[in-house]
Every structure is written in C-alpha cells, then in structure tokens.
Amino acid sequence: MWYAVNTMSGVLFATRTAHEELRRFRERLTPGKVLHLEEVSLVLTPELAQLLQDLLGALLRNEPVRVVPLEAELTTSQAAELLGVSRPYLVRLLEEGEIPYRKVGTHRRVLAKDLLAYLEASKKKGQDLLNELTREGQELGLGYTE
C-alpha cells in the first residue's frame with residue numbers, strides 16, 4: 001500500500017498522554033475489531049485496519065501526512081511535491097511519457113492514481129535491479145546474500 005506522506009503543519013499532540021493514548025489505540029486496531037461511534041458501528045477489514053495503523057504510525061513518528069483521493073487532478077507543483085522531486089524533473093517525466101497527464105489550456109494536470117502507478121513501477125524496477133546485482137555478486141563470489 002502507498003500513502004503520500006509529505007506536508008502538514010500544526011501540532012498534533014498537545015501532551016505526552018495524548019500521544020500514548022493514540023499509540024495504545026493503534027495497537028488495538030486489528031482486523032475484525034468493531035469500532036463504535038455513537039450509534040454507528042464499523043467492522044475493520046484487514047485493509048482498513050492496515051491503513052489506520054499506517055496512518056497513525058506516521059502521525060506518532062511526527063511525520064506529516066497528506067491524504068489525496070486517487071482521482072484528484074494535481075498541478076505539476078503538487079505532483080512534484082508528492083513525489084519528492086523538483087517540478088522540472090516531473091515535467092521531464094511527463095514529457096517522456098513516464099507518467100500520463102492532460103493539458104488544461106497550457107497547464108498540465110496529473111491524476112494522483114497515475115503518480116501512484118509510477119511510484120509502484122519505479123519501486124519494482126529498483127527492487128528488480130537490486131535483485132539482479134545481488135545475483136551477479138553471488139555468481140562472482142563477492143559474498144552478497146539475499
């Protein structure tokens with residue numbers, strides 16, 4: 001799963017007690033657990049439990065978090081910020097066809113889901129290259145292990 005972690009301002013925890021309460025709450029978020037809020041109940045699916053654990057874990061580590069709908073259209077500046085790259089580098093990726101986009105007048109727009117697909121493909125490519133280098137190192141007797 002991928003969650004965009006980048007920019008958010010403000011103080012999340014006013015006290016150490018609030019931080020500890022959230023940590024304990026996070027530990028109890030398990031699949032099948034039922035959450036109650038007034039008269040509404042929600043059974044946590046494995047995916048929702050994992051999402052909430054990841055989100056709360058990032059917040060507990062004081063990592064800023066941004067939640068973006070997958071269908072959101074982003075400007076090149078917003079897209080570059082989410083990827084953690086410069087805007088000119090992102091524009092190059094767009095123009096080379098690495099990430100789909102559309103033009104609105106003279107402005108480029110990128111779907112958040114297309115950024116996610118690019119990140120996942122890039123991560124897989126990096127892992128594949130690392131696996132190949134490790135395999136070659138093992139074949140050459142350089143002492144690399146997986």
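Residue numbers for the sequence shown follow full-length UniProt numbering, beginning at 1 and rising by one. Beta carbons: idealized from backbone N, C-alpha and C, even for Gly. Values in this document were obtained by computation on a predicted structure and should not be read as measured data.
7 Å Cβ shell around residue i - same chain, five flanking residues per side excluded
i	result
L115	A79, L82, L83 and I99
G32	V43 and L44
Y101	L94, R108, R109 and V110
Contacts around residue i, its chain only, beta-carbon distance under 6 Å, and the 5 residues preceding and following it disregarded
i	result
V43	V34
E47	none
L140	none
H36	none
R87	T76, S77 and A80
G10	Its pLDDT being 47, under 50, G10 is placed unreliably in this model, and the coordinates cannot settle the point.
Residues of its chain near residue i, where Cβ-Cβ distance is below 8 Å and the 5 sequence neighbours each way are ignored
i	result
E132	none
Q53	R26 and L29
Host alpha helix (DSSP H) of residue i (start-end)
i	result
L52	P46 to L60
S77	T76 to L83
Cβ distance (whole Å) where residue i is taken to contact residue j below 8 Å
i	j	result
residue 151	T76	With the chain running from 1 to 146 in the structure shown, residue 151 is simply not present.
P69	A112	7 Å
Residues bridged to residue i (per DSSP)
i	result
E73	L111
Could you name each continuous beta strand (DSSP E) segment of 3 residues or more that falls completely within the stretch 88-122, going from the start of the chain to the end? 102-104 and 107-111
query: Mind pulling the alpha helix (DSSP H) runs of 4 or more residues that sit fully within the stretch 19-46?
result: none
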